C-alpha cells in the first residue's frame, strides 16, 4: 500500500492564485520523502492539507487509505504531525503535555508516562520535564512537538520544517531520531524543508516546489540528471601550474565535469604523464542543493 497519495491536490486562499497547484505524488510505506522549496512555495499548505487541517479547493489525498477530510480522527491515530506553529498548553510542563496528549489519544496513564519519559530522554529534553512549556526556548519546543507526534507510535510522520529553531547539535539529533524510525520501524516520513543537507541525509525521494507547483521529482540521481549536474574531477597542482581542459576554482583545484567516476584514474594517469605534480585529487558529487538550484534556475528562465 502507498502511505501517501495525492492527485491534483490544490488549495487557493483567495480564489485567484493557488498556494498549492495540482500536486500529484505517491510515497510508498516505509519511505522518506522530502518536499523542497523556499518560503511561500506551498510546503506548509501541503502538510496542512494532508493532516486534514485545511480543506482542499480541488483534488484528492489519502494517508494509508484514509481521506483526511472525512476521517480525521482515524487519521490521527496512525499519523503524527510536526509544524512550527504547533500548540502546547503553556501552563503545563512538557511532561504533563505529552502525557495528556497520549491519554487523549487513548493510551493508558502508565503507558503514556512511560512513553513520555522515553521520548523526552531520546530527544534530549528530559532535564526540562518539570519546566512549564511557556518557558521553553524555540528549539526545545520543537523537540517537544516531535515527541508529541511520536507518542502513539505513528506509521506516518508529516514534518514541516522540524529543525526550525534548533542549533546544529539539536537538529542533527532530531534527524538521527527520525532516521532511526524509518530504518528500524518502517515509519513513512513526509518532510517539508529548505534545509537540503538534512533532507539529503534523511530522504531518498524528493519533490521540488516553486510557487505552489511541483517542477521536478525523483531520487537525487534523477534530479541531478534532469538538472544537468555532473560529477567533477578535481586536482590540486603547484601554484604556477595549469591543467588543459580544466577550470581553476576558488579553492585552487582544477576541475572538469565527467560522466562517471570510472574516468578518474585515466585523468590522473594522463595528468602525471604530462608532467604535472598532483598534490591532491578529489571527486565532487553533485548535492541535493546543486540539483535544486539548477532546476529552479531552469524553471525561472522559462
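In full-length UniProt numbering, the protein residues as written are 1 to 302.
Where a beta carbon is used, it is the ideal one built from N, C-alpha and C, also for glycine.
Predicted, not measured: the structure shown is a model, and the values here were computed from it.
Whether residue 220 touches residue 206 by CB criterion (8 angstroms): For the purposes of this step, residue 220 is taken as the residue at position 220 of the chain shown. For the purposes of this step, residue 206 is taken as the residue at position 206 of the chain shown. Yes, the Cβ-Cβ distance between residue 220 and residue 206 is below 8 angstroms.
Can you have a look at residue 303 and say buried or exposed, based on whether 16 or more other CB atoms are within 10 angstroms of its CB? The question about residue 303 has no answer here: the residues shown for the chain are numbered 1 through 302.
Suppose the cutoff is 7 angstroms on Cβ atoms and the five residues either side in sequence are ignored; what does the same chain contact list for residue 142 look like? Looking up residue 142 in the chain shown gives position 142. For residue 142, where only same-chain residues beyond five positions count, the Cβ hits under 7 angstroms are 162, 164, 165 and 166.
Contact between the segment 86-95 and the segment 30-44: three or more CB pairs below 8 angstroms? Not touching, per the Cβ criterion.
Under 8 angstroms between the Cβ atoms of residue 24 and residue 6? As a first step, residue 24 is located in the chain shown; it is residue number 24 there, counting from the start. As a first step, residue 6 is located in the chain shown; it is residue number 6 there, counting from the start. The answer is yes: Cβ separation under 8 angstroms.
Under 8 angstroms by Cβ, that's how I've got residue 125 and residue 144 pegged, so tell me the actual separation to the nearest angstrom. Sequence index remark: in the chain shown, residue 125 carries index 125 (1-based). Sequence index remark: in the chain shown, residue 144 carries index 144 (1-based). Indeed, because the Cβ distance is near 6 angstroms, the residues count as touching under 8 angstroms.
What's the call for residue 153, buried or exposed, on a 16-neighbour Cβ count within 10 Å? For this step, residue 153 is matched to residue 153 along the chain shown. When all chains shown are included, residue 153 counts as exposed.
Assigned exposure category for residue 239 - 16 Cβ within 10 Å defines buried: Here residue 239 refers to the residue found at position 239 when the chain shown is read from its first residue. That one is exposed.
Completely contained alpha helix (DSSP H) runs for the segment 27-82, where each covers 4 or more residues: List check, alpha helix (DSSP H) in window: 43-50 and 72-78.
Opposing strand residues paired with residue 254 [DSSP bridges]: In the chain shown, the residue the question calls residue 254 occupies position 254. Looking at the DSSP output, residue 254 shares a beta bridge with 235 and 248.
Among 211, 27, 9 and 291, whose alpha-carbon lies nearest the alpha-carbon of residue 58? For this step, residue 58 is matched to residue 58 along the chain shown. Measuring C-alpha to C-alpha distances from residue 58 to each of 211, 27, 9 and 291 identifies 9 as the nearest.
Round the Cβ separation of residue 236 and residue 280 to the nearest angstrom and send it over; I've been treating them as touching at under 8 angstroms. Counting from 1 along the chain shown, the entry for residue 236 is found at position 236. Counting from 1 along the chain shown, the entry for residue 280 is found at position 280. The Cβ separation is near 4 angstroms, so the contact holds.
Strand pairing of residue 137, partner residues [DSSP]: Indexing the chain shown from 1 puts residue 137 at position 137. Per DSSP, none; premise fails for residue 137.
Could you say if the segment 54-72 and the segment 108-121 meet the contact criterion of at least three C-beta pairs nearer than 8 angstroms? Too few Cβ pairs lie closer than 8 angstroms, so no.
Provide the residue(s) that pair with residue 25 in DSSP beta bridges, ordered along the chain. Within the chain shown, numbered from 1, the residue matching residue 25 stands at position 25. Answer is 6, bridged to residue 25.
Nearest-angstrom beta carbon gap, residue 156 and residue 224 [assumed within contact, 8 angstroms]: Within the chain shown, residue 224 is the residue found at index 224, counting from 1. Within the chain shown, residue 156 is the residue found at index 156, counting from 1. For a cut-off of 8 angstroms, the C-beta gap from residue 224 to residue 156 is around 28 angstroms, too long to register as a contact.
Which residues in the same chain have their Cβ closer than 7 angstroms to the Cβ of residue 307, if we skip the five residues on either side of it in sequence? A query on residue 307 cannot be resolved here, the shown segment of the chain reaching from 1 to 302 and no further.
Assuming the contact rule is C-beta atoms closer than 8 angstroms, residue 158 and residue 295 should be a hit. Round their C-beta distance to whole Å, please. Position 158 of the chain shown holds residue 158. Position 295 of the chain shown holds residue 295. Rounded, the Cβ-Cβ distance is 24 angstroms, inconsistent with contact.
Collapsed DSSP secondary structure at residue 108 in the structure displayed: In the chain shown, counting from the first residue as 1, residue 108 sits at position 108. The three-state secondary structure of residue 108, taken from DSSP, is coil.
Within the present structure, is the beta-carbon of residue 291 separated from the nearest heavy atom of the ligand HEM by less than 7 angstroms? This structure simply doesn't include the ligand HEM, nor any ligand for that matter.
Is residue 275 helix, strand or coil when you go by DSSP? Counting from one through the chain shown, the residue named residue 275 turns up at place 275. DSSP places residue 275 in coil when its eight states are reduced to three.
Residue closest to residue 65, alpha-carbon to alpha-carbon, out of 28, 42 and 160: In the chain shown, residue 65 corresponds to position 65, counting from 1. Cα-wise, what sits closest to residue 65 is 28.
At which residues does the beta strand (DSSP E) containing residue 282 begin and terminate? Start at 1 with the first residue of the chain shown, and residue 282 comes out as number 282. Unbroken beta strand (DSSP E) run through residue 282: 280-284.
Could you pull out every residue in the same chain whose Cβ sits closer than 8 angstroms to the Cβ of residue 139, ignoring the five residues on either side in sequence? Looking up residue 139 in the chain shown gives position 139. Cβ neighbours of residue 139 beyond the five flanking positions: 165, 166, 167 and 170.
Grouping DSSP H, G and I as helix and E and B as strand, with all else coil, what is residue 208? The sequence position of residue 208 within the chain shown is 208, counting from 1. Looking at residue 208 - three-state DSSP - the assignment turns out to be strand.
On the three-state DSSP scale, how would you describe residue 123? Stepping through the chain shown from its first residue, residue 123 is reached at position 123. DSSP places residue 123 in the coil class of the three-state scheme, outside both helix and strand.
Does the separation of the CB atoms of residue 177 and residue 123 fall below 8 angstroms? Here residue 177 refers to the residue found at position 177 of the chain shown. Here residue 123 refers to the residue found at position 123 of the chain shown. Pairing residue 177 with residue 123 gives a Cβ-Cβ distance under 8 angstroms.
Is the CB-CB distance between residue 212 and residue 15 below 8 angstroms? The residue you call residue 212 lines up with position 212 of the chain shown. The residue you call residue 15 lines up with position 15 of the chain shown. Going by C-beta atoms, residue 212 is not nearer than 8 angstroms to residue 15.
Taking Cβ positions, are residue 246 and residue 255 nearer each other than 8 angstroms? On the chain shown, residue 246 is found 246 positions in, with the first residue counted as 1. On the chain shown, residue 255 is found 255 positions in, with the first residue counted as 1. In terms of Cβ geometry, residue 246 and residue 255 form a close pair [threshold 8 angstroms].
Exposed or buried, residue 121, counting other C-beta atoms within 10 Å across all chains shown (16 or more means buried)? For the purposes of this step, residue 121 is taken as the residue at position 121 of the chain shown. Classification for residue 121: exposed.
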